Amino acid sequence: MKTALIADDDPANLNLLRDILAADGYRAFLAVDGPQALQIAQAECPDLILLDILMPGMDGFEVCRRLKDHPLTLDIPVIFISALNDGESITRGFEVGAADYICVPFRVLEVLARVRHQTRLLEQRRQIERQHELVNALRRQFVRSATHDLKNPLYVIQSYAQLLEEDESVARSGEARYYVQRILSSAQRMRNLVTDMLDLARIEDGTALSIQEASVNQMLTRAIHEFDLDAANRGVVLLSELLVEDRIVQVDVDAMLRVLENLLSNALKYTPAHKQILLRAWVEDSWLHVSVSDKGVGIEPQELERIFEPFYRANQREIHEVEGSGLGLSIVKQIVEQHGGRVSVESAVGRGTTFTLHLPLRAEE
């Protein structure tokens, strides 16, 4: 059954509106003041709220503002029903988040028409949300099936290519060796893409984190040492500024290492020789902050809002010239948010980019 909350300090209005809605199939909750309306709304989460403005304890404008600030009630449509029929009051009603505004004295048919309109909009939104969830579920299922099916053929391709690479006739032929190496590198890129897609699917499915105690400095040192050789080969200088006083944190170590490795790998891809990459950590206001800064190509301002989207790559020539799946930053964002944190980015074209992880520290940490 559809439900509605009616908030009004006038018993006659309460009873009349309750009867109107009951005739249209609604079960009504009644409130006679603002605080009671908020309490019922958060406890019952009705489909619709009819709200008077001039009520004791808290006026309707403030009630609506608080409803729109609360995660449980922000999507519930609110219709003001009030004797305040001046333009300023009506405008303010919409500014605090009302879906509609009915002036008193009201007509029964008008109330029914406006309520039914909001009910249709609500049902349409819920239907769109259900369809969106279904599409996402089908997409994740397809990704899991496709990537699992790709793993075995890729393993076979790599295995035979490795055998060819070790063959004496291939070793003696520069051209044959070149083609085999191309096969191996392409197969490895495909395996990396498959791994990224599977990781993202697991994260989106809500796979539980394996939380354990870890030293921040040891974790950062382990991550940066993975890239010592690659950085040396590229002529890039890797620097680190660890915590002055190390902290023990509660994290999924493997997941956080994946985050750091993705950020460091990206920094190396886009940083020219003889430039520096800095991994830095600090604690401030009960938050652990870890940043990876490079002196690379930078990202255009209009691209920054989309760089965490799956498969998205900034539309810059320097970035498209570097191979990548477009999944790394999406994985970074998802893992950090699973830990209750967030990721921020600052960038200037031609000057470099800084990605910063912001992770909450628990009291015992």
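Basically my numbering = 1-based index in the sequence shown + 59. A virtual CB, placed ideally from N, CA and C, is assigned to each residue, including glycine. Just so we're clear, the structure is a prediction, and the values are computed from it rather than from any experiment.
Looking at the secondary structure, which residues open and close the beta strand (DSSP E) in which residue i lies?
i: Y85; result: 85-90
i: L322; result: No beta strand (DSSP E) contains L322, which is instead part of the alpha helix (DSSP H) from 312-329.
i: G25; result: Any property of residue 25 remains undetermined from this structure, which presents the chain solely from 60 to 424.
i: V391; result: No beta strand (DSSP E) holds V391; the alpha helix (DSSP H) holding it covers 387-397.
i: I140; result: 137-141
i: E405; result: 401-407
i: L133; result: It is not in any beta strand (DSSP E) - L133 carries neither H nor E in the DSSP assignment.
i: L347; result: 346-353
Measure the C-alpha to C-alpha separation of residue i and residue j and round it to an integer number of angstroms.
i: L347; j: L298; result: 19 Å
i: L314; j: I394; result: Leu is not the amino acid found at residue 314; the sequence shown has Ala there. Distance between the alpha carbons of A314 and I394: 7 Å.
i: E423; j: V253; result: Because E423 carries a pLDDT of 49, less than 50, the predicted location of this residue cannot be relied on, and the following value inherits that uncertainty. Roughly 38 Å between the two C-alpha positions.
i: K354; j: V408; result: 10 Å
i: V229; j: L223; result: 7 Å
i: F88; j: I99; result: 8 Å
i: V391; j: N251; result: 15 Å
i: G294; j: A235; result: 30 Å
i: T40; j: A90; result: This structure cannot settle anything about residue 40, because the visible part of the chain is limited to 60 through 424.
i: A291; j: E225; result: 28 Å
i: S141; j: D159; result: 11 Å
i: T45; j: R151; result: Residue 45 lies beyond the residue range present for the chain, which begins at 60 and ends at 424; the question has no answer from this structure.
i: R241; j: Q183; result: 52 Å
i: A71; j: V342; result: 59 Å
i: V312; j: L420; result: 15 Å
i: H379; j: R372; result: Here H379 scores only 48 on pLDDT, less than 50, and its place in the model is too uncertain to base an answer on.
i: G357; j: I149; result: 47 Å
i: S389; j: A260; result: 11 Å
i: Q361; j: L322; result: 20 Å
i: D128; j: K328; result: 42 Å
i: R124; j: Y85; result: 24 Å
i: L316; j: M278; result: 7 Å
i: H465; j: V296; result: Nothing about residue 465 can be read from this structure; the chain reaches only from 60 to 424.
Going by DSSP, what residue range makes up the alpha helix (DSSP H) through residue i?
i: C123; result: 119-128
i: R9; result: The structure shown does not extend to residue 9, since the chain is modelled only from 60 through 424, so no value can be given for it.
i: R281; result: 275-284
i: D452; result: Nothing about residue 452 can be read from this structure; the chain reaches only from 60 to 424.
i: V229; result: 227-231
i: L97; result: 93-103
Is it buried or exposed for residue i, if we count other Cβ within 10 angstroms and need 16 for buried?
i: Y219; result: exposed
i: M60; result: exposed
i: I187; result: exposed
i: D67; result: buried
i: V137; result: buried
i: L168; result: exposed
i: P473; result: The structure shown has nothing for residue 473, since the chain only spans 60 to 424.
i: H398; result: buried
i: R365; result: exposed
i: R173; result: buried
i: Q271; result: exposed
i: P105; result: buried
i: F139; result: buried
i: L64; result: buried
i: V239; result: buried
i: L80; result: buried
i: V303; result: exposed
Give me whichever residues DSSP pairs with residue i in a beta bridge.
i: T62; result: R86
i: Q335; result: V296
i: I108; result: L64, V137
i: V342; result: L347
i: Q247; result: DSSP lists no partner for Q247.
(request) Can you check the stretch 147-217 for any beta strand (DSSP E) of at least 3 residues that lies completely inside it and give the ranges in chain order? (result) 159-162
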